[in-house]
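Working notes, beginning with the structure itself.
Chains as they are written, first to last, in our numbering: chain A, 1 to 245; chain B, 1001 to 1314.
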């Protein structure tokens, strides 16, 4: 894909004898909403970890905004605009909800050339983000005081605080009720409308279908489908992977 | 409160402590007070790495001893004023801290703690076999009786340690309220999430090991002049490693106040026990208090107070 924001080429990752990812190619354009699905163990989280720098890929390359980022550490990738949220929320437990958002503003946004937010500007951005995710009244609380859905919103808000070009949301809706899932989907769409490219990894198909403009399917570490969501879910190979023979 | 204001208040408080000790005019106050203040510096230094970033250092004695043996080295080579030796001791231990940080960058949890313990053993073995600084025999340091215009030398050493307390507390508090403090807290809470939030965790860990090591070395630099005869077993003593950990744990590790409270409490108790019972019960007191606090207040005294305040606010 010409001018793609994220380009993954021939990416492979092994854990001992187990092939977690096998020659993955993936390109995501600026502003796209991509759903990434696959059964448990298909390699979705491993792919996210390789893209974000948590794991090192054995073969292949990851290019972001035209630059090869394979050799970069996770925080360096985040500073370049590649943010992720975690499957299980990983808040900074001893920092308040507002301080959880302050960290990426201090270490990512302020670390970018030409950016030097004052303390007041950082406070203002924290407040704005907390309003966006409806956590403004919990700003001074510790993460342990939040509900499950609030924790997931905090996780997304913290990734957003890094002001990314690309956000990878790894199973942000697991364990949530139907209305909470709708809440998170509409939040992600609002974020996308702000110009942020989003890759959503999710098992809840209703959420994936309502969110995604494009759907990518991984099975056993291989990409088996990539296209419009309504076409992809009718793909016989995808049906086989999800429903069996 | 701005750091400069905090520094001024700390200097004023230190001046009051010094003048009050002089009013009492008993040498024992200065001898015992020196030890308590030394533990305030050590506990504060340990907390910068162990409390703020969550990396438990069992090798505090090694950093302390590096500062002390730097003094012995220069005492034999070319005696220098103690304030200068404190700076040099800080630099030497800071470099050792940086080296330890580099060697243990990828280690976490128990593995990191064991590596710091190993570092202490390696350094002690080196010192034991280094004749120039006294080797296993130890080294004598002849200290002057007086230091003009302060008076008895012990009062001068006490004053120096008070100054180090002010420096250590100001540095710790400054870190806590800075961008660095946020970074350290994220490493303690979740290193993976910290990296994903843009925190350069490896670099921050190196800063923490260096600053922590440097402050411990600074605390150790005047020690040979205090004790008069330095041998490896006293400089690398178990009590330094144990107290450096126990004092912040009992006081609370998330704030600069915790190590101060813990060191004042435990250090004073140990000094009282030394003159009333025996110095042999010092570590017993530490052990009992530590067990008690782990059960009753795992986040230390400061944590206990914070929980109460937070409970009322809800």
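Ideal Cβ positions, reconstructed from N, Cα and C, are used throughout, including at glycine.
Exercise. Exposed or buried, which one is residue 1075(B) when buried takes at least 16 other CB atoms within 10 Å?
Worked result: With 16 or more neighbouring CB atoms inside 10 Å of its own CB, residue 1075(B) falls in the buried class.
Problem set entry | Where residue 1142(B) falls, given that 16 or more other Cβ within 10 Å makes a residue buried | Result: exposed.
Exercise. To which residues does DSSP link residue 1226(B) through a beta bridge?
Worked result: DSSP lists no partner for residue 1226(B).
Exercise. Among the residues of its own chain, which have a CB less than 8 Å from the CB of residue 37(A), if the five just before and after it don't count?
Worked result: Listed in chain order, the non-local C-beta contacts of residue 37(A) below 8 Å within the same chain comprise 44, 201, 202, 203, 205, 208, 215, 216, 217, 218, local neighbours out to five positions each way being set aside.
For this session: Could you tell me the distance, in whole angstroms, from the CA atom of residue 231(A) to the CA atom of residue 221(A)?
Result: If I take the Cα positions, the gap works out to 21 Å.
For this session: With DSSP collapsed to three states, give me the class of residue 1221(B).
Result: Here residue 1221(B) sits in coil by DSSP.
Problem set entry | Option nearest residue 96(A) by Cα separation, candidates 1185(B), 1215(B), 1085(B), 1236(B) | The shortest C-alpha separation from residue 96(A) is found at 1185(B).
Exercise. Roughly how many angstroms separate the alpha carbons of residue 1260(B) and residue 1040(B), rounded to a whole number?
Worked result: Each residue's Cα considered, the two are about 6 Å apart.
For this session: Go to residue 1167(B), then tell me how far its alpha helix (DSSP H) extends in each direction, as first and last residue.
Result: That run of the alpha helix (DSSP H) goes 1153–1176.
Exercise. How about residue 1284(B) and residue 1044(B): do their beta carbons lie closer than 9 Å?
Worked result: For the 9 Å CB-CB criterion, residue 1284(B) and residue 1044(B) do not form a contact.
For this session: List the residues of chain A that residue 1182(B) touches, going by C-beta distances under 9 Å, in chain order.
Result: Those within 9 Å of residue 1182(B) in chain A are 92, 95, 99, 102, 103, 106, 107.
For this session: Could you check which residue in 130(A), 173(A), 56(A), 185(A) has the C-alpha nearest to that of residue 148(A)?
Result: Of 130(A), 173(A), 56(A), 185(A), the residue nearest in Cα terms is 173(A).
For this session: Taking the CB atoms as reference points, tell me whether residue 1115(B) and residue 1098(B) lie closer together than 9 Å.
Result: Note that the C-beta distance between residue 1115(B) and residue 1098(B) is not below 9 Å.
Problem set entry | C-alpha gap between residue 1242(B) and residue 1021(B), whole angstroms | Rounded to whole angstroms, residue 1242(B) to residue 1021(B) spans 28 Å at the Cα level.
Problem set entry | C-beta contact flag for residue 1066(B) and residue 1252(B) at 9 Å | For residue 1066(B) and residue 1252(B), no; Cβs fall outside 9 Å.
Exercise. In terms of residues, what are the limits of the beta strand (DSSP E) holding residue 197(A)?
Worked result: Bounds of the beta strand (DSSP E) holding residue 197(A) are 197–201.
Problem set entry | Pair within 9 Å by beta-carbon distance, residue 7(A) and residue 27(A) | For the 9 Å CB-CB criterion, residue 7(A) and residue 27(A) form a contact.
For this session: Pull up the distance between the alpha-carbon of residue 60(A) and that of residue 180(A), whole angstroms please.
Result: Rounded to the nearest angstrom, the two C-alpha atoms are 37 Å apart.
Problem set entry | 6 Å Cβ shell around residue 1112(B) - same chain, five flanking residues per side excluded | Excluding five sequence positions before and after residue 1112(B), the CB atoms of its chain that fall closer than 6 Å to its own CB belong to 1055, 1104, given in chain order.
Exercise. Considering only C-alpha positions, which residue in the set 25(A), 14(A), 3(A) is nearest to residue 223(A)?
Worked result: Checking every option, the nearest Cα to that of residue 223(A) belongs to 25(A).
For this session: Work out the CA separation of residue 1291(B) and residue 1008(B) for me, nearest whole Å.
Result: Taking the straight line from one Cα to the other gives about 37 Å.
Exercise. Is it the case that the CB of residue 197(A) approaches a heavy atom of the ligand NAP more closely than 8 Å?
Worked result: Summarising the ligand content, the structure contains no ligands, and the ligand NAP is consequently not present.
Exercise. Which chain A residues are close to residue 1198(B), counting only those with a beta carbon under 7 Å from its beta carbon?
Worked result: 75, 78, 79, 104, 107, 108, 111, 162, listed in chain order.
For this session: State the start and end residues of the unbroken alpha helix (DSSP H) segment that holds residue 1048(B).
Result: Residue 1048(B) -> alpha helix (DSSP H) spans 1027–1050.
Problem set entry | residue 1236(B) (DSSP reduced to helix, strand or coil) | Looking at residue 1236(B) - three-state DSSP - the assignment turns out to be coil, as it is neither helix nor strand.
Problem set entry | Coarse secondary structure for residue 163(A), derived from DSSP in three states | Coil at residue 163(A), not helix or strand.
Problem set entry | Whole-angstrom distance between residue 152(A) and residue 139(A), CA atom to CA atom | So the alpha carbons of these two residues sit roughly 15 Å apart.
Exercise. Does the Cβ-Cβ distance between residue 66(A) and residue 163(A) come in under 9 Å?
Worked result: No; because the gap between Cβ atoms is not below 9 Å, this pair is not in contact.
For this session: Name, going along the chain, the residues of the segment 29–55 of chain A whose beta-carbon falls closer than 7 Å to a beta-carbon of chain B.
Result: Listed in sequence order: 52, 54.
For this session: Using a Cβ-Cβ cut-off of less than 7 Å, list which residues of the segment 138–163 of chain A approach chain B; keep chain order.
Result: The segment 138–163 of chain A vs chain B, Cβ under 7 Å: 158, 162.
For this session: Answer yes if the segment 1079–1098 of chain B comes into contact with the segment 1205–1214 of chain B, meaning at least three C-beta pairs across the two stretches below 8 Å, and no otherwise.
Result: When C-beta atoms of the segment 1205–1214 of chain B are compared with those of the segment 1079–1098 of chain B, three or more pairs fall below 8 Å, so the two segments count as touching.
Exercise. Among the residues of its own chain, which have a CB less than 7 Å from the CB of residue 1293(B), if the five just before and after it don't count?
Worked result: Result list for residue 1293(B): 1249, 1250, 1300, in chain order.
Problem set entry | Residue environment, residue 1155(B), which counts as buried when at least 16 other CB atoms sit within 10 Å | Per the 10 Å Cβ criterion, buried.
Problem set entry | Three-state class that DSSP yields for residue 1056(B) in the structure shown | Three-state DSSP puts residue 1056(B) in coil, outside helix and strand.
For this session: Express the C-alpha separation of residue 1167(B) and residue 1010(B) in angstroms, rounding to a whole number.
Result: One C-alpha to the other measures close to 9 Å.
For this session: Determine contact between the segment 1230–1241 of chain B and the segment 1148–1165 of chain B, defined as no fewer than three beta-carbon pairs at a distance below 8 Å.
Result: No, the segment 1230–1241 of chain B is not in contact with the segment 1148–1165 of chain B.
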